Every structure is written in C-alpha cells, then in structure tokens.
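Take a look at the structure set out below.
2 protein chains.
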Amino acid sequence: MRDPIVAVATPFGESAVGIVRLSGKGVLEIARRFFKTKAEIKPRYAHYGTLLDEKGEPLDEGLLIYYKAPKSYTGEDMVEISLHGNPLILKRAVEVFISGGCRLAEPGEFTKRAFLNGKMDLTQAEAVAELISAKTDLARRVALRQLKGELSKHIKPLRESLLQLLAYIEADIEFSEEDIPTLTKEQVVSMVEEVISGIDKLLRTAKTGKFIREGVKLAIVGKPNVGKSSLFNALLREDRAIVTDIEGTTRDYIEETVNLRGIPLVLVDTAGIREAKDPVERIGIERTLKKIEEADVILFVLDGSKPLTEEDKRIYEQVRGKNLIVVVNKTDLGTVIPLEIFEGHSIIKVSALKGEGIRNLEEEILKRAGVLVEDGINVYVSVRHEELLKKAKGVLERFLERYRREEVSPEIAMLDIREASDYLGEIVGEITTEDILSSIFSRFCIGK
Amino acid sequence: MRDPIVAVATPFGESAVGIVRLSGKGVLEIARRFFKTKAEIKPRYAHYGTLLDEKGEPLDEGLLIYYKAPKSYTGEDMVEISLHGNPLILKRAVEVFISGGCRLAEPGEFTKRAFLNGKMDLTQAEAVAELISAKTDLARRVALRQLKGELSKHIKPLRESLLQLLAYIEADIEFSEEDIPTLTKEQVVSMVEEVISGIDKLLRTAKTGKFIREGVKLAIVGKPNVGKSSLFNALLREDRAIVTDIEGTTRDYIEETVNLRGIPLVLVDTAGIREAKDPVERIGIERTLKKIEEADVILFVLDGSKPLTEEDKRIYEQVRGKNLIVVVNKTDLGTVIPLEIFEGHSIIKVSALKGEGIRNLEEEILKRAGVLVEDGINVYVSVRHEELLKKAKGVLERFLERYRREEVSPEIAMLDIREASDYLGEIVGEITTEDILSSIFSRFCIGK
C-alpha cells in the first residue's frame, strides 16, 4: 500500500455535509487517533463520533466510514469522514490528518491509485473526470459508459489480435524448422486489416467525442444591425442555458453555452470586425478574429430584407474560407437580398425575432460541425485516444504496404506489430509511463 | 414519520463526491426503486450500486447508506447517496427521487425534523447553522459546545427553578387548607433572585456572542493622506484574512474581514467625508456615513507628524459622539500634533508603515468593542437568546418589585412566573410556534 494521503472530496462552500477522505498505509490507525467513536470500527459501517484536533480538543462531530483494502475506491485502505460543511472545519481536519502522517493528495491521486491498484483501467479513470465535468446528459451518459468499461471493450480485442499475430510471427522465427501451424500471408493481411477497420470505426467517433466533451464552438459574425444579438438570444433559450464556471471579466465578445441535443454549443457573439484606429479597439478586434479562427462553425448573418452592402461583402471575404452557414435573418420583413454569390454554402433563412427557422438552423449547425450521434454507438473516443489510434493505424498501414511488397523481415514485422499494440495498450493503460499518468491525472480535481 | 424529503447536502460545484439525502416515510423503498445494489440493504452500511433515472437508465454509480429511525440525524428513516460531484448528476438525482414521491426539502428542514423528533433542542439546532458558517476557530468552538448542549445546560436549570416555584404556588392555592410545606416570602424572593442572577450571567455574554457570530464592525475615518490605507493594511495581515462570500461590486469603501483572536474584525476603509456637490459622490459619502453609523468601533486617524487641521477637527466633530479610538499615525516621523482636545478618548500611537503599535491598537479595539473572551465561559448567547432572556428578566424583576410590596395575588404570581418560564422555554424550544421555527430554520442552507 502507498503512503497515506488526505484531501477534501466535496466542493468549497458552506453546506450540510463536507467530506474528508484518506487513502493508503495506516489510514485507519491515523483516523482512530483523532476520531473518537464508542464502538469498534467495522468496514463500510457509518460510525458516529468526534473528530479531535492536534491538541485533543473537539474539532467537529461527524461520521466515519472505513473501507478495507482491496474493497475500496482506491483499492487501498480508505477512510471517509463526513463533517459539517464548513470550509474552515474541513481545512482544519485535513491539517489534523497531515499532522498525523498523511500528505495532501495531488489532483486525481485517489483515482490514479485506483488505476495503479488495478481497480480500473486508464479509460475508466479518465471517465471519472469526464463524469464529474459532464455538462449535458449525453456527455454524462458517454462518460458513465466509459467508466463501466465500454471503450476498453472495443480497444482490448484489437490489441489482443495484434498480440496473437505477434505470437505467430515469433513462433515462426523460433521454430521455423519444426512442424507447427503458421499463418499464410493472406491471413496476416486479413488480421491486420481487421484491426485497422476496428480502429477506423473508433476514429469516426473522435470528432463527436470532442464536441460532446468540449462543445461545438459557434461564432456569430455580421455587420451591425443584421440581428446578431437576436439570433444569439434565439439560440440561447433560457431553459437550455448551461451554467459555466467562467468568471465574468471585461470581454469584447459575449459567450454562452447551450445544450443542443446533448452537445454543448458554445455561442460567441462577436464584436463587429472593422478597421480600427484606436489601439484598444484593435485589441478587441484581434480577439474577435481569434474567436472566429477557433470556431468550429461560423454563422454569417445578413439582413435579408435589405440589399447586400459593401460591408457584408467585406466580412464575407474574411470568413468565406471557413466552415460557414449563411444565415439570412429578418425573413418576416421579406427577402430582397441576392444570395447567388453565396452559392456552395449552406443558406438558412430565419426570423430570429419570431423564432422561425431556428430549428432548421440548429440541425444545420450539428451537420456542418460533423456531429454524429447514433444510437448504435456506445463510445466516443477522446483526443488522447484519437492520437494513439491514429499512430497505431499509421504503423499498421505502413507495415501492410511493405508486407504486401514482401519487404518486411519477420523481425521488422514484430517491431511494427509491437509498436501498434503498444499504442493501443497506452489507451487502456496496459502500457504507461509516469509522464502519461501525470498529464492525465493533473487535470483532475483534488480529492478525486 | 413525516413526508419524504430530498436535497443535495454538498455545495454546488464539481468535486470528487456529491451527496443526496432523503428523510421521512418510505425513503428506503423510494431509494431502492432507483438505486440497484447486489446485496440486501443493511442500516448504516455503505452499499455500492447504480442509480437509475425515471426510465430505468443508469444515471451514476455510487454508495448508498441507510439510517434506520430513530438512529439517524433527523430521527426518521434516512438515506444518503454519494455520487460523483457533478451538479448535473446531483440535480437529476433529486429529480428522480421527486418523481418517486419525495418533495424538495426546505432550508433547514432536516435539522428542523431532528428538533421536532427530539434529537436535539432548539439551541443545538441553531448551533448546527452556526457551526457551518463559523468563520473563526473561536466561533467554531462556541458553536460546537452549543451543539453539544452547553447552552441548554445553563438555561434548563433556570427554567426548572421557575417551574418548581410555580408548583409551590399552585399547591399553595389548591391545598391552602391542608398541611403541606410551603415557601416563605424570603424563599420566593431568593429563588427568583437566583434565576435573575443566572440570566444576568448569560446576558453578559450576549455582546461578545454577537461579535463572535457577526464580527466587530470597525470603520477607519480621517482626512486624506493620514495613512488610513496603510493602517487598514497593517490590520489586514494576509495570514489572518478571512475569505468572505461577498460579491465584488462597485463600492465607495473597501471592506475586509480579519481574524482578531477568534473575533472576525470587519474593517471598513471609508472614503473621505467631505462636502460634495456631485450627486454621485454624495451617494458615496452617504454610504460612508451609514457605515460609520453601523460601526461598533471607529478608528479616527490623524497624522501625528503634522499639526491639526480644520479638516481633522471637522471630521472629529462628526464622530466624537461614537465609540472612538483616536489613532495617531506616523509616529516614526515624530509627534507634533496636540492631543489635548481628544481627552476622554482612547489615544493610541502607531506607525502603520512600520507596524508599530498595531498590537496595542488591536487590544484597544477589543476592549472598546466590549469583547469578553474568558476561559471560564463556555457559551455565548445569540441575539434571539438575548431578547428572550431580557424579557424573562423584565417579567421577573417587575414581579419581584410588586411581590416585595405584597401587591401580587398568587394567581398573578403564577401568571408572571409562567410567562418568564415560557420565555426560557422558547430558547431551548420547549415552548415554540411554527413562526419561531420558520424564522430560525429559513436561515439554514438547503440539505441541512
């Protein structure tokens, strides 16, 4: 068992209950020194008692639950203490346990230990963080499925195929004189192709996976008075607004997130893009241009009831190369604007004021972003998974190409297949390094 | 058992753990419908399982603990479910249990039920809220002692004395013909005087109790450039700053709270008080004057290295009637200012810049505020307790006065003693009404 760690597991703030959790070697003994109960401590049983401070003075009353290894979240001995939800009390409790020999846990260290102790694989550990930060029901469902091991169920068979192939090639080298079964060239090709096809299936979920996790970034651009703000508000129906943690600061654009069929849609209402002489204004415009650059989809808004102006055309020139939807607004006032020059782009007519055409527009946004939410798909790979899947696929494709031309020795074949299988192993954490783990768990909150 | 209620017990925010709690009739059955575990549910035992939504789809995985009445916080059947600390999940979980027949708990309703079910008296219930919001270690200790029943230990014997007296008087009336022991006039007077003396002892803690709970309000006034901000900063040593929940808004004064020997010291650095023509500025000055009006202690700051000016004198005239400390600053530059006109006020010399004299000043602040922190005192009554204690004392004093003059019939005596005893009963909650309970519990957070 690893060294004892301690952290607050609940958010900062005043509330009914706050939880301090301990994990590692000797945590029950440490907890017992400070938490006084009448009865003997039984595993998984809620014991009422008094938590004392370093001097033996009562700090608070609460409940202690002991989880005996390996039947705990981390797989180690764990203690969870529920106290009154006062940040002062929780901070003091952590200090008390540190005085007792614990160390403050690093972000994600409890889950990291769960992974290291074999309680979950790496995709499941990642799912814990995603489950906590899920902003929509779809994101929650996807994270929960991944937590239950759905993604691993797709990755592991692919890796096993490669390891099997590896065993065959190895046997071929070592026992080439003997009469053991071996694979034909066609069988090798077919096995590798099947793995590539499995990887492709997962890769197709990557884009949507990213959108589910991070949202679709949507920039609304257009000259003044075409109804950008009305459109922003029409998309931002209050019942769908997602409360985000972003602090209110001075901004040159307004940003809000709504839930569009389970996909967080990050709406950015940009300031006008125009020639600026004032340096402060220029900074604002630069930020706006950056937002447009980062956007997954751009809504280029026009006033359909009026002729096209030079300013419309100038803005169009700036965004025409992007993933664009031309939104013809104010259709309730009639449409006079010529639309020929926008041919090749999606054109959606709406009346933001009357809420007409908004549903169509939303469909088009998901389509243009490339969102793929199908009932049959259970998993959506993350950016990390995508990168590793692409690497594995790349190695296998290069291998196949040379293998077909018979340019590969069995020794080189082994190296290639091993490399590809290691990339897949890295996804589930069967192959890992401290660097990989740090980069994953440092994004967790403390206490998880 | 009362109707089933549900609420989130942890603060809003992303974290490792979030808790949903249920209390009341049938909560185990409701919880069982949605929370699926392998084993039979045993009281006080942490069961791992999956929480389902209204449609039977998995919502999250977590731990369920069942507390069987009367061995629970509320004294009713209770269920606590630990889930991943995602506000979305916790909100959905509450919705699920509401669909199952629970109602969203009102603020403080769990603790109110604990009181109604005899798990704690009213001073203990009040202590729960105080323990959660305690901003200093002293406030926490005082709340914890009150939670353990320390205050009731002082109140109940006083009330019992009165009830005993009442029984004697009653017996005197009903069985006046018979030969039963009765009290002499001296005995009655002595009993009542003893109760009054007990009340007085508690009343002496009220001011400090208020300061421990709400802090001492300290306004710093003085003309520009006398070093108000330096003094503010010298008192606000960073290691003692208390993080408060007050939102940052445009203010005409700066307010910070520090921990001065367990007493939250609310420092207000006021804008200058001067004649204003501008209406906006006038509003600012009015707010400043209000802060001065509300202050428990005022620090009137002078630059000791310079002669007194007309502006100093004008400000002094505005505050001289208040609870004042004259702070002579910049003593490091020598003291030339005449101090005779401030005779009768506390005068403290400091160098805010060098940190000299600050400790003296702090002592004087506590002294002038009337803070009384003695080791021998275990309880500090709250404003509500103080009001009731004063009412009880008033009734008893008026009774004594007339009783000594033999103007009171036994029937009137009974009414008086009963009234006083009811006031004491209201403190601990033996006498109560729905209005009293509402006003107490509405200040709690939801989930407690």
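Going line by line, the protein sequences match chains A and B.
To convert, count from 1 in the first sequence and add 917; that's our numbering.
To convert, count from 1 in the second sequence and add 917; that's our numbering.
The C-beta atom is built at its ideal place from N, Cα and C for all residues, glycine as well.
These numbers were taken from a predicted model, which means no experiment stands behind them.
CB-CB length for residue i against residue j, believed under 8 Å
i: B:K1310; j: B:I1113; result: 6 Å
i: A:G1342; j: A:K1124; result: That pair is no contact at about 24 Å.
i: A:K1247; j: A:G1144; result: 6 Å
i: B:L1313; j: B:A1337; result: 5 Å
i: A:L1119; j: A:V1253; result: The pair is not a contact, with the Cβ atoms about 49 Å apart (cut-off 8 Å).
i: A:V1296; j: A:L1068; result: 4 Å
i: B:I1180; j: B:V1133; result: 6 Å
i: A:I1242; j: A:S1263; result: 5 Å
i: B:V1244; j: B:L1219; result: 7 Å
i: A:G1251; j: A:S1222; result: 6 Å
i: B:L1005; j: A:K1052; result: 7 Å
i: B:V1059; j: B:M995; result: With a Cβ gap of about 28 Å, B:V1059 and B:M995 do not count as contacting.
Any chain A beta carbon closer than 8 Å to residue i
i: B:E1164; result: Here B:E1164 scores only 36 on pLDDT, less than 50, and its place in the model is too uncertain to base an answer on.
i: B:P975; result: yes
i: B:A963; result: yes
i: B:I1357; result: no
i: B:F1032; result: no
i: B:R1285; result: no
i: B:G1126; result: no
i: B:F929; result: yes
i: B:A933; result: yes
i: B:G1272; result: no
i: B:I958; result: no
i: B:R1057; result: yes
i: B:H1262; result: no
Residue range of the alpha helix (DSSP H) that includes residue i
i: A:I1086; result: 1067-1091
i: A:A1060; result: 1054-1064
i: A:A1151; result: 1145-1152
i: B:E1257; result: No alpha helix (DSSP H) contains B:E1257, which DSSP labels as neither H nor E.
i: A:E1273; result: Looking at the DSSP string, A:E1273 is not in any alpha helix (DSSP H), and its letter there is neither H nor E.
i: B:I1357; result: 1351-1358
Distance cut-off 7 Å: residue i Cβ against heavy atoms of the ligand ATP
i: A:Y984; result: Annotation note on the ligand ATP: not contained in the displayed structure, which lists no ligands.
CB contact check: residue i to chain B, cutoff 8 Å
i: A:P987; result: no
i: A:A1402; result: Because residue 1402 of chain A is not part of the residues shown, which for chain A are 918 to 1365, the question remains open.
i: A:I1180; result: no
i: A:C1362; result: yes
i: A:S1050; result: yes
i: A:T1349; result: no
i: A:N1295; result: no
i: A:L939; result: no
i: A:K1365; result: yes
i: A:R1168; result: Confidence at A:R1168 is low in this model, with a pLDDT of 44, below 50, so its placement is unreliable and the value that follows should be read with caution. So no, A:R1168 is outside the interface.
i: A:L1061; result: yes
i: A:L1177; result: no
i: A:G1018; result: no
Extent of the continuous beta strand (DSSP E) to which residue i belongs
i: A:S1263; result: 1263-1266
i: B:D920; result: Careful: B:D920 lies outside any beta strand (DSSP E) and carries neither H nor E.
i: A:I1049; result: No beta strand (DSSP E) contains A:I1049, which is instead part of the alpha helix (DSSP H) from 1039-1050.
i: A:E1173; result: 1171-1177
i: A:L1250; result: Run containing A:L1250: none; DSSP gives neither H nor E here.
i: A:I1180; result: 1180-1186
Legend entry - Residue ranges of each alpha helix (DSSP H) within the segment 1286-1328 of chain A, 4 or longer: 1300-1321
Inset, instruction - Please confirm if the segment 1031-1049 of chain B is in contact with the segment 1062-1069 of chain B, defined as three or more CB-CB distances below 8 Å between the two stretches. - result: yes
Inset, instruction - Just list the beta strand (DSSP E) runs in the segment 968-1036 of chain B, keeping only unbroken ones of 3 residues or longer that don't cross its boundaries, in chain order. - result: 975-984, 995-1002
Inset, instruction - Output the residue ranges of the beta strand (DSSP E) runs that lie fully inside the segment 1201-1237 of chain B and measure 3 residues or longer, sorted by chain position. - result: 1214-1220
Legend entry - Cβ contact check for the segment 1030-1042 of chain A and the segment 1271-1284 of chain A: 3 or more pairs under 8 Å: no
Legend entry - Validate contact between the segment 1018-1036 of chain A and the segment 975-994 of chain A using beta carbons, cut 8 Å, 3 pairs: yes
Legend entry - Contiguous alpha helix (DSSP H) assignments of at least 4 residues, all confined to the segment 928-974 of chain A: 944-951
Inset, instruction - Counting only runs of 3+ residues fully inside the segment 1099-1152 of chain B, write out the beta strand (DSSP E) ranges in chain order. - result: 1133-1138
Inset, instruction - Determine, using beta-carbon pairs with one atom in the segment 922-931 of chain B and one in the segment 931-939 of chain A, whether at least three such pairs fall under 8 Å. - result: yes
Legend entry - Three CB pairs or more closer than 8 Å across the segment 959-975 of chain B and the segment 1010-1021 of chain B: yes
Inset, instruction - Pair every Cβ in the segment 947-956 of chain B with every Cβ in the segment 991-1011 of chain A, then say whether three or more of these pairs are closer than 8 Å. - result: no
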